[in-house]
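> Take the sequence shown: its letters are residues 60 to 417, numbered as in the working numbering.
Glycine included, every Cβ here is placed at the ideal spot set by N, Cα and C.
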Amino acid sequence: MKSVLRRLVLAAVCVIGAGAVHALAQGGGDLVVFDWSGYEDPLLHPAYTAKYGAEPTFAFFGDEDEAFEKMRAGFKADIAHPCSQSVVKWRDAGILQPLDTSRISGWKDLNPGIMAMKDLATTADGKTWFMPFDWGNTSLLYRTDKVSAEQAQSLRVFADPKFKGRVTIGDNVDDAYALASLVIGLKDWTKMTDAQFQEASAFLRDVHKNIRFYWTDDTDLNQAFIGNEVDLVWGWNETFVTLKGQGMPIAMNRDTKEGISTWVCGYVLMKDAPDKLDAAYDFLSAVNAPAVSDYMVKTFGYGHGNGAGMAAIDHKVLVERGFDNLDKFLDKTLFQQPVAPELKQRMVAEFEKIKAGY
60 MKSVLRRLVL
70 AAVCVIGAGA
80 VHALAQGGGD
90 LVVFDWSGYE
100 DPLLHPAYTA
110 KYGAEPTFAF
120 FGDEDEAFEK
130 MRAGFKADIA
140 HPCSQSVVKW
150 RDAGILQPLD
160 TSRISGWKDL
170 NPGIMAMKDL
180 ATTADGKTWF
190 MPFDWGNTSL
200 LYRTDKVSAE
210 QAQSLRVFAD
220 PKFKGRVTIG
230 DNVDDAYALA
240 SLVIGLKDWT
250 KMTDAQFQEA
260 SAFLRDVHKN
270 IRFYWTDDTD
280 LNQAFIGNEV
290 DLVWGWNETF
300 VTLKGQGMPI
310 AMNRDTKEGI
320 STWVCGYVLM
330 KDAPDKLDAA
340 YDFLSAVNAP
350 AVSDYMVKTF
360 GYGHGNGAGM
370 AAIDHKVLVE
380 RGFDNLDKFL
390 DKTLFQQPVA
400 PELKQRMVAE
410 FEKIKAGY
(Lines of atoms letter the chains of each structure in order from A and count residues from 1; the text may use other names and numbers.)
(Lines give C-alpha, C1' and ligand atoms only; values in the text may rest on other atoms or scores of the structure.)
Protein backbone atom coordinates (compact mmCIF):
# COMPACT_ATOMS: atom_id res chain seq x y z
CA MET A 1 0.00 0.00 0.00
CA LYS A 2 2.83 2.38 0.68
CA SER A 3 5.14 2.74 -2.26
CA VAL A 4 8.06 5.14 -1.78
CA LEU A 5 7.51 6.75 -5.16
CA ARG A 6 3.87 7.49 -4.52
CA ARG A 7 4.64 8.98 -1.14
CA LEU A 8 7.34 11.28 -2.50
CA VAL A 9 5.28 12.45 -5.44
CA LEU A 10 2.23 13.05 -3.30
CA ALA A 11 3.96 14.71 -0.37
CA ALA A 12 3.11 18.10 -1.81
CA VAL A 13 -0.60 17.41 -1.81
CA CYS A 14 -1.00 15.68 1.55
CA VAL A 15 -0.98 16.90 5.11
CA ILE A 16 -0.42 14.36 7.86
CA GLY A 17 -1.98 15.49 11.10
CA ALA A 18 -2.05 13.95 14.55
CA GLY A 19 -4.50 16.44 15.97
CA ALA A 20 -5.50 18.99 13.37
CA VAL A 21 -5.46 18.84 9.60
CA HIS A 22 -5.27 21.94 7.42
CA ALA A 23 -6.84 22.11 3.98
CA LEU A 24 -4.45 22.59 1.07
CA ALA A 25 -6.86 24.18 -1.34
CA GLN A 26 -10.39 25.47 -1.58
CA GLY A 27 -13.10 23.10 -2.76
CA GLY A 28 -11.79 19.56 -3.00
CA GLY A 29 -8.92 20.12 -0.58
CA ASP A 30 -11.34 20.92 2.22
CA LEU A 31 -12.50 17.31 2.37
CA VAL A 32 -10.53 15.43 5.03
CA VAL A 33 -9.94 11.73 4.37
CA PHE A 34 -8.46 9.67 7.22
CA ASP A 35 -6.69 6.83 5.46
CA TRP A 36 -3.90 4.29 5.20
CA SER A 37 -0.72 5.69 3.69
CA GLY A 38 -0.59 5.05 -0.05
CA TYR A 39 -4.28 5.50 -0.74
CA GLU A 40 -3.79 9.19 -1.40
CA ASP A 41 -2.73 8.13 -4.91
CA PRO A 42 -4.66 10.43 -7.32
CA LEU A 43 -5.22 7.54 -9.72
CA LEU A 44 -7.51 5.96 -7.14
CA HIS A 45 -9.95 8.90 -7.38
CA PRO A 46 -9.28 10.70 -10.70
CA ALA A 47 -12.87 11.87 -11.21
CA TYR A 48 -12.78 13.72 -7.88
CA THR A 49 -9.63 15.64 -8.77
CA ALA A 50 -10.97 16.44 -12.23
CA LYS A 51 -14.14 17.92 -10.76
CA TYR A 52 -12.60 19.94 -7.94
CA GLY A 53 -9.20 20.78 -9.38
CA ALA A 54 -7.65 19.80 -6.04
CA GLU A 55 -6.84 16.71 -4.03
CA PRO A 56 -8.67 15.99 -0.80
CA THR A 57 -6.66 16.54 2.36
CA PHE A 58 -5.36 13.21 3.63
CA ALA A 59 -4.36 12.34 7.18
CA PHE A 60 -2.92 8.90 7.90
CA PHE A 61 -3.12 6.21 10.55
CA GLY A 62 -0.99 3.12 11.12
CA ASP A 63 -3.80 0.83 12.29
CA GLU A 64 -7.50 1.10 12.95
CA ASP A 65 -7.26 1.03 16.72
CA GLU A 66 -4.97 4.06 16.54
CA ALA A 67 -7.43 5.78 14.19
CA PHE A 68 -10.36 4.99 16.47
CA GLU A 69 -8.65 6.40 19.54
CA LYS A 70 -7.66 9.59 17.68
CA MET A 71 -11.23 10.17 16.60
CA ARG A 72 -12.56 9.43 20.06
CA ALA A 73 -10.07 12.01 21.33
CA GLY A 74 -11.47 14.69 19.03
CA PHE A 75 -9.74 14.31 15.67
CA LYS A 76 -12.13 15.41 12.91
CA ALA A 77 -12.40 13.80 9.49
CA ASP A 78 -15.13 13.54 6.86
CA ILE A 79 -14.34 10.11 5.45
CA ALA A 80 -12.29 7.24 6.87
CA HIS A 81 -11.05 3.87 5.62
CA PRO A 82 -11.56 1.09 8.19
CA CYS A 83 -11.56 -2.64 7.47
CA SER A 84 -14.16 -5.30 8.10
CA GLN A 85 -13.12 -6.16 11.64
CA SER A 86 -13.55 -2.55 12.84
CA VAL A 87 -16.78 -1.38 11.21
CA VAL A 88 -19.10 -2.61 13.97
CA LYS A 89 -16.93 -1.04 16.67
CA TRP A 90 -16.86 2.33 14.92
CA ARG A 91 -20.58 2.22 14.20
CA ASP A 92 -21.50 1.28 17.77
CA ALA A 93 -19.33 4.11 19.08
CA GLY A 94 -21.57 6.59 17.27
CA ILE A 95 -18.85 8.18 15.13
CA LEU A 96 -20.40 7.22 11.77
CA GLN A 97 -23.46 8.34 9.86
CA PRO A 98 -25.41 6.15 7.41
CA LEU A 99 -24.65 6.35 3.71
CA ASP A 100 -27.17 7.60 1.17
CA THR A 101 -26.41 4.99 -1.48
CA SER A 102 -28.44 6.87 -4.11
CA ARG A 103 -25.66 9.48 -4.14
CA ILE A 104 -22.87 6.98 -4.88
CA SER A 105 -22.35 6.16 -8.55
CA GLY A 106 -22.07 2.46 -9.30
CA TRP A 107 -23.45 1.33 -5.95
CA LYS A 108 -25.37 -1.52 -7.63
CA ASP A 109 -22.09 -2.79 -9.09
CA LEU A 110 -20.45 -3.48 -5.73
CA ASN A 111 -19.35 -7.10 -5.36
CA PRO A 112 -22.44 -9.06 -4.24
CA GLY A 113 -20.40 -11.62 -2.30
CA ILE A 114 -18.81 -8.92 -0.18
CA MET A 115 -22.07 -6.99 0.19
CA ALA A 116 -23.74 -10.15 1.52
CA MET A 117 -21.26 -10.53 4.38
CA LYS A 118 -23.12 -10.34 7.66
CA ASP A 119 -23.17 -7.03 9.54
CA LEU A 120 -20.59 -5.41 7.28
CA ALA A 121 -22.07 -2.98 4.76
CA THR A 122 -25.62 -2.92 6.09
CA THR A 123 -27.52 -3.54 9.31
CA ALA A 124 -30.81 -5.34 9.94
CA ASP A 125 -32.67 -2.02 9.98
CA GLY A 126 -31.76 -1.45 6.33
CA LYS A 127 -29.22 1.29 6.94
CA THR A 128 -25.92 1.24 5.05
CA TRP A 129 -22.69 2.20 6.81
CA PHE A 130 -19.79 0.92 4.74
CA MET A 131 -18.75 0.96 1.08
CA PRO A 132 -16.31 -1.86 0.21
CA PHE A 133 -13.33 -0.49 -1.68
CA ASP A 134 -10.37 -2.88 -1.49
CA TRP A 135 -9.92 -6.49 -0.48
CA GLY A 136 -7.03 -8.86 -0.35
CA ASN A 137 -5.16 -11.10 2.00
CA THR A 138 -2.38 -11.35 4.51
CA SER A 139 -0.24 -14.36 3.66
CA LEU A 140 3.22 -15.89 3.69
CA LEU A 141 5.80 -14.02 1.62
CA TYR A 142 9.33 -15.36 1.38
CA ARG A 143 12.64 -14.93 -0.39
CA THR A 144 13.02 -17.88 -2.74
CA ASP A 145 16.83 -17.71 -2.49
CA LYS A 146 16.71 -18.11 1.32
CA VAL A 147 13.60 -20.17 1.99
CA SER A 148 12.61 -23.34 0.16
CA ALA A 149 9.11 -23.93 -1.18
CA GLU A 150 8.89 -26.92 1.16
CA GLN A 151 9.70 -24.77 4.21
CA ALA A 152 7.08 -22.26 3.09
CA GLN A 153 4.27 -24.81 3.02
CA SER A 154 3.32 -24.13 6.63
CA LEU A 155 2.74 -20.92 8.56
CA ARG A 156 4.60 -22.51 11.46
CA VAL A 157 7.79 -21.56 9.64
CA PHE A 158 7.47 -18.13 11.28
CA ALA A 159 8.41 -19.75 14.60
CA ASP A 160 11.18 -21.96 13.19
CA PRO A 161 14.42 -21.17 15.10
CA LYS A 162 16.33 -21.44 11.78
CA PHE A 163 14.93 -18.04 10.89
CA LYS A 164 15.77 -16.22 14.12
CA GLY A 165 16.13 -12.51 13.34
CA ARG A 166 14.88 -13.02 9.76
CA VAL A 167 11.12 -12.70 10.33
CA THR A 168 8.73 -9.76 10.30
CA ILE A 169 4.99 -9.56 10.84
CA GLY A 170 2.84 -6.44 10.94
CA ASP A 171 2.49 -4.29 14.02
CA ASN A 172 -1.20 -5.00 13.65
CA VAL A 173 -3.17 -7.00 16.20
CA ASP A 174 -5.71 -8.26 13.66
CA ASP A 175 -3.12 -9.65 11.26
CA ALA A 176 -1.13 -11.10 14.15
CA TYR A 177 -4.04 -13.01 15.65
CA ALA A 178 -5.23 -14.01 12.17
CA LEU A 179 -1.85 -15.71 11.69
CA ALA A 180 -1.99 -17.37 15.10
CA SER A 181 -5.61 -18.45 14.65
CA LEU A 182 -4.83 -20.13 11.35
CA VAL A 183 -1.86 -21.96 12.87
CA ILE A 184 -4.01 -23.45 15.64
CA GLY A 185 -6.62 -24.52 13.09
CA LEU A 186 -9.21 -21.82 13.75
CA LYS A 187 -10.88 -20.30 10.68
CA ASP A 188 -13.65 -18.44 12.53
CA TRP A 189 -12.04 -16.36 15.24
CA THR A 190 -15.40 -15.11 16.49
CA LYS A 191 -15.69 -18.54 18.14
CA MET A 192 -12.29 -18.41 19.83
CA THR A 193 -12.31 -20.07 23.25
CA ASP A 194 -10.10 -19.11 26.16
CA ALA A 195 -7.92 -22.14 25.53
CA GLN A 196 -7.56 -21.21 21.85
CA PHE A 197 -6.67 -17.64 22.79
CA GLN A 198 -3.91 -18.93 25.05
CA GLU A 199 -2.66 -21.28 22.32
CA ALA A 200 -2.67 -18.53 19.71
CA SER A 201 -0.85 -16.14 22.03
CA ALA A 202 1.75 -18.79 22.80
CA PHE A 203 2.46 -19.15 19.09
CA LEU A 204 2.91 -15.39 18.73
CA ARG A 205 5.42 -15.50 21.58
CA ASP A 206 7.36 -18.14 19.66
CA VAL A 207 7.23 -15.95 16.57
CA HIS A 208 8.46 -12.98 18.60
CA LYS A 209 11.72 -14.84 19.26
CA ASN A 210 12.42 -14.70 15.52
CA ILE A 211 11.24 -11.15 14.88
CA ARG A 212 13.67 -8.65 13.42
CA PHE A 213 11.07 -5.89 13.59
CA TYR A 214 7.30 -5.43 13.46
CA TRP A 215 6.52 -3.65 10.23
CA THR A 216 4.09 -0.74 10.13
CA ASP A 217 4.55 0.48 6.58
CA ASP A 218 5.00 -1.24 3.24
CA THR A 219 7.84 1.14 2.42
CA ASP A 220 9.89 -0.04 5.40
CA LEU A 221 8.93 -3.63 4.67
CA ASN A 222 9.98 -3.42 1.03
CA GLN A 223 13.28 -1.80 1.99
CA ALA A 224 13.94 -4.58 4.51
CA PHE A 225 13.40 -7.18 1.81
CA ILE A 226 15.63 -5.36 -0.65
CA GLY A 227 18.27 -4.76 2.03
CA ASN A 228 18.42 -8.48 2.82
CA GLU A 229 17.19 -7.94 6.39
CA VAL A 230 14.32 -10.43 6.33
CA ASP A 231 13.45 -13.70 4.63
CA LEU A 232 9.91 -14.37 5.89
CA VAL A 233 7.03 -11.91 5.99
CA TRP A 234 3.40 -12.10 7.04
CA GLY A 235 2.33 -9.40 4.64
CA TRP A 236 -0.03 -7.96 2.07
CA ASN A 237 -0.47 -8.38 -1.66
CA GLU A 238 1.21 -5.15 -2.66
CA THR A 239 4.59 -6.10 -1.24
CA PHE A 240 4.64 -9.15 -3.48
CA VAL A 241 3.44 -7.25 -6.56
CA THR A 242 5.88 -4.38 -6.04
CA LEU A 243 8.99 -6.44 -5.28
CA LYS A 244 8.29 -9.09 -7.89
CA GLY A 245 8.05 -6.28 -10.41
CA GLN A 246 11.48 -5.08 -9.30
CA GLY A 247 13.01 -8.49 -9.90
CA MET A 248 13.27 -9.59 -6.28
CA PRO A 249 13.38 -13.36 -5.64
CA ILE A 250 10.07 -13.35 -3.78
CA ALA A 251 7.09 -15.70 -3.67
CA MET A 252 3.65 -15.47 -2.09
CA ASN A 253 2.13 -18.72 -0.88
CA ARG A 254 -1.66 -18.40 -0.82
CA ASP A 255 -2.00 -22.15 -0.34
CA THR A 256 -0.21 -23.01 2.89
CA LYS A 257 -1.44 -25.96 4.94
CA GLU A 258 -3.21 -23.60 7.32
CA GLY A 259 -4.58 -21.11 4.77
CA ILE A 260 -4.55 -17.33 4.46
CA SER A 261 -6.28 -14.37 6.06
CA THR A 262 -8.70 -12.28 4.01
CA TRP A 263 -9.70 -8.73 4.73
CA VAL A 264 -12.10 -6.23 3.20
CA CYS A 265 -11.62 -2.51 3.71
CA GLY A 266 -13.75 0.39 2.59
CA TYR A 267 -14.96 3.89 3.22
CA VAL A 268 -17.32 5.23 5.85
CA LEU A 269 -18.89 8.65 6.32
CA MET A 270 -18.00 10.26 9.62
CA LYS A 271 -20.63 11.90 11.79
CA ASP A 272 -18.70 15.19 11.61
CA ALA A 273 -19.08 15.54 7.83
CA PRO A 274 -22.56 17.10 7.37
CA ASP A 275 -21.29 20.32 5.77
CA LYS A 276 -19.15 18.49 3.21
CA LEU A 277 -21.58 15.87 1.99
CA ASP A 278 -21.41 16.85 -1.67
CA ALA A 279 -17.64 16.50 -1.75
CA ALA A 280 -17.80 13.33 0.34
CA TYR A 281 -20.21 11.60 -2.02
CA ASP A 282 -18.20 12.76 -5.03
CA PHE A 283 -15.14 11.14 -3.46
CA LEU A 284 -17.00 7.90 -2.77
CA SER A 285 -18.28 7.82 -6.35
CA ALA A 286 -14.79 8.47 -7.66
CA VAL A 287 -13.10 5.64 -5.75
CA ASN A 288 -15.92 3.28 -6.77
CA ALA A 289 -15.53 4.01 -10.50
CA PRO A 290 -15.06 0.86 -12.62
CA ALA A 291 -11.95 2.35 -14.21
CA VAL A 292 -10.21 2.27 -10.81
CA SER A 293 -10.42 -1.54 -10.70
CA ASP A 294 -7.70 -2.14 -13.28
CA TYR A 295 -5.29 0.23 -11.54
CA MET A 296 -6.03 -1.25 -8.11
CA VAL A 297 -5.41 -4.83 -9.23
CA LYS A 298 -2.33 -4.19 -11.37
CA THR A 299 -0.58 -1.64 -9.15
CA PHE A 300 -1.61 -2.59 -5.62
CA GLY A 301 -2.40 -6.27 -6.12
CA TYR A 302 -5.72 -5.85 -4.31
CA GLY A 303 -9.25 -6.57 -5.46
CA HIS A 304 -11.56 -3.61 -6.02
CA GLY A 305 -15.04 -3.39 -4.52
CA ASN A 306 -16.66 -2.63 -7.87
CA GLY A 307 -17.64 -6.00 -9.32
CA ALA A 308 -18.32 -4.59 -12.80
CA GLY A 309 -14.86 -3.07 -12.91
CA MET A 310 -13.26 -6.31 -11.75
CA ALA A 311 -15.15 -8.30 -14.39
CA ALA A 312 -13.72 -6.08 -17.13
CA ILE A 313 -10.09 -6.85 -16.19
CA ASP A 314 -8.09 -9.27 -18.32
CA HIS A 315 -8.83 -12.75 -16.93
CA LYS A 316 -5.14 -13.65 -17.05
CA VAL A 317 -4.36 -10.75 -14.71
CA LEU A 318 -7.09 -11.85 -12.29
CA VAL A 319 -5.70 -15.39 -12.27
CA GLU A 320 -2.18 -14.09 -11.56
CA ARG A 321 -3.50 -12.07 -8.63
CA GLY A 322 -5.65 -14.94 -7.36
CA PHE A 323 -8.91 -13.03 -7.85
CA ASP A 324 -10.52 -15.05 -10.63
CA ASN A 325 -12.87 -16.87 -8.24
CA LEU A 326 -14.06 -15.07 -5.11
CA ASP A 327 -15.68 -18.18 -3.65
CA LYS A 328 -12.41 -20.09 -3.99
CA PHE A 329 -10.50 -17.10 -2.64
CA LEU A 330 -12.61 -17.08 0.53
CA ASP A 331 -12.86 -20.84 0.95
CA LYS A 332 -9.52 -21.52 2.65
CA THR A 333 -9.33 -18.34 4.61
CA LEU A 334 -9.85 -16.70 7.94
CA PHE A 335 -12.05 -13.73 7.17
CA GLN A 336 -11.20 -10.84 9.46
CA GLN A 337 -14.75 -10.22 10.57
CA PRO A 338 -15.58 -8.30 13.76
CA VAL A 339 -14.98 -10.08 17.06
CA ALA A 340 -16.62 -9.32 20.39
CA PRO A 341 -15.25 -6.09 21.92
CA GLU A 342 -14.04 -7.99 24.99
CA LEU A 343 -12.01 -10.40 22.86
CA LYS A 344 -10.60 -7.60 20.73
CA GLN A 345 -9.42 -5.70 23.80
CA ARG A 346 -7.87 -8.87 25.14
CA MET A 347 -6.01 -9.36 21.85
CA VAL A 348 -4.76 -5.78 21.89
CA ALA A 349 -3.50 -6.02 25.47
CA GLU A 350 -1.84 -9.40 24.95
CA PHE A 351 -0.17 -8.37 21.70
CA GLU A 352 1.39 -5.37 23.41
CA LYS A 353 2.84 -7.70 26.06
CA ILE A 354 4.16 -10.06 23.40
CA LYS A 355 5.88 -7.24 21.49
CA ALA A 356 7.45 -6.07 24.74
CA GLY A 357 8.87 -9.55 25.32
CA TYR A 358 6.45 -10.69 28.02
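If you reduce the DSSP assignment to three classes, tell me which class residue 334 lands in.
In this structure, residue 334 counts as helix in the three-state DSSP scheme.
> Where are the alpha helix (DSSP H) runs, 4 residues long or more, that stay fully inside the segment 108–145, in chain order?
Listed in chain order, the complete alpha helix (DSSP H) runs (minimum 4 residues) inside the segment 108–145 are 123–131.
> Out of 194, 182 and 349, which one is the CA nearest neighbour of residue 320?
Minimum Cα distance to residue 320 is reached at 194.
> Determine the closest residue to residue 127 out of 262, 329, 393 and 250, with distance taken between C-alpha atoms.
That would be 329, whose Cα lies nearest to the Cα of residue 127.
> Considering only the alpha carbon of each residue, which of 398, 242 and 407 lies closest to residue 178?
Ranking the options by Cα distance to residue 178, first place goes to 398.
> What span of residues does the alpha helix (DSSP H) with residue 238 cover, start to end?
First-last of the alpha helix (DSSP H) with residue 238: 232–242.
> What distance in whole Å lies between the Cβ atoms of residue 269 and residue 225, which are believed to be in contact at a cut-off of 8 Å?
Between residue 269 and residue 225 the Cβ distance is about 7 Å, and since that is below 8 Å, they are a contact.
> Cα separation between residue 341 and residue 182?
Each residue's alpha carbon lies about 24 Å from the other.
> For residue 175, count the other beta carbons within 10 Å of its own beta carbon; 16 or more makes it buried, fewer makes it exposed. Which is it?
Exposed, by the Cβ-count rule.
> What separation, rounded to the nearest whole angstrom, lies between the Cα atoms of residue 350 and residue 368?
Approximately 6 Å between the Cα atoms of the pair.
> Just to confirm my understanding: we take residue 101, look at its own chain, exclude 5 residues before and 5 after, and list those with CB closer than 7 Å. What are they?
If we look at residue 101 and ignore the five residues flanking it on each side, its Cβ neighbours are 108 and 114.
> Should residue 145 go down as buried or exposed, given a rule of 16 or more other Cβ atoms within 10 Å for buried?
Answer is buried; the Cβ neighbour count reaches 16.
> Please specify which runs of the alpha helix (DSSP H), each continuous and at least 4 residues long, are wholly inside the segment 163–237, giving them in chain order.
Segments of the alpha helix (DSSP H) lying fully in the segment 163–237: 171–174.
> Within 10 angstroms of its Cβ, does residue 285 collect 16 or more other Cβ (buried), or is it exposed?
Exposed, since its Cβ has fewer than 16 Cβ neighbours within 10 Å.
> I'd like the list of long-range same chain contacts for residue 407, defined as Cβ closer than 8 Å, with 5 residues on each side in sequence excluded.
Within the same chain, residue 407 has close Cβ partners 124 and 232.
> Please name the residue, chosen from 205, 160 and 117, that lies closest to residue 289 on a Cα-to-Cα basis.
When only C-alpha atoms are compared, the closest one is 205.
> Can you give the beta carbon distance from residue 410 to residue 235, rounded, assuming they're within the 8 Å contact cut?
Residue 410 to residue 235, Cβ: 6 Å. Contact.
> Does the beta-carbon distance from residue 152 to residue 131 come in below 8 Å?
Cβ atoms of residue 152 and residue 131: closer than 8 Å.
> Using alpha carbons as the reference points, say which of 364, 323 and 373 lies closest to residue 393.
Considering only alpha carbons, the answer is 323.
> Less than 8 Å between the CB atoms is what I'm expecting for residue 140 and residue 345, so what's the real figure, rounded?
Actually they do not touch by this definition, with Cβ atoms about 14 Å apart.
> Let's test the definition: count the other Cβ atoms within 10 Å of the Cβ of residue 287 and tell me whether it reaches 16, buried, or not, exposed.
It counts as exposed.
> Work out the CA separation of residue 317 and residue 244 for me, nearest whole Å.
So the alpha carbons of these two residues sit roughly 7 Å apart.
> Check whether the segment 354–374 touches the segment 214–222, counting contact only when three or more Cβ pairs, one atom from each stretch, lie closer than 8 Å.
As far as the Cβ criterion goes, the segment 354–374 does not touch the segment 214–222, which means the pair count is below three.
> Between residue 157 and residue 336, what straight-line distance do the alpha-carbon atoms span, to the nearest angstrom?
If you take the alpha carbons of residue 157 and residue 336, they lie about 12 Å apart.
> So, is the C-beta of residue 155 closer than 8 Å to a C-beta in chain C?
The chain inventory of the structure shown lacks chain C, comprising one protein chain alone.
> Among 298, 384, 150 and 375, which one has its Cα closest to the Cα of residue 201?
Out of 298, 384, 150 and 375, 298 has the C-alpha closest to the C-alpha of residue 201.
> Am I right that residue 197 and residue 237 are in contact with their C-beta atoms under 8 Å? What's the rounded C-beta distance?
Indeed, because the Cβ distance is near 6 Å, the residues count as touching under 8 Å.
> Note down the Cα distance separating residue 96 from residue 278, rounded to an integer number of angstroms.
Cα to Cα, the separation comes out at about 10 Å.
> How would you label residue 403, buried or exposed, when you count the other beta carbons within 10 angstroms and need 16 or more for buried?
Answer is buried; the Cβ neighbour count reaches 16.
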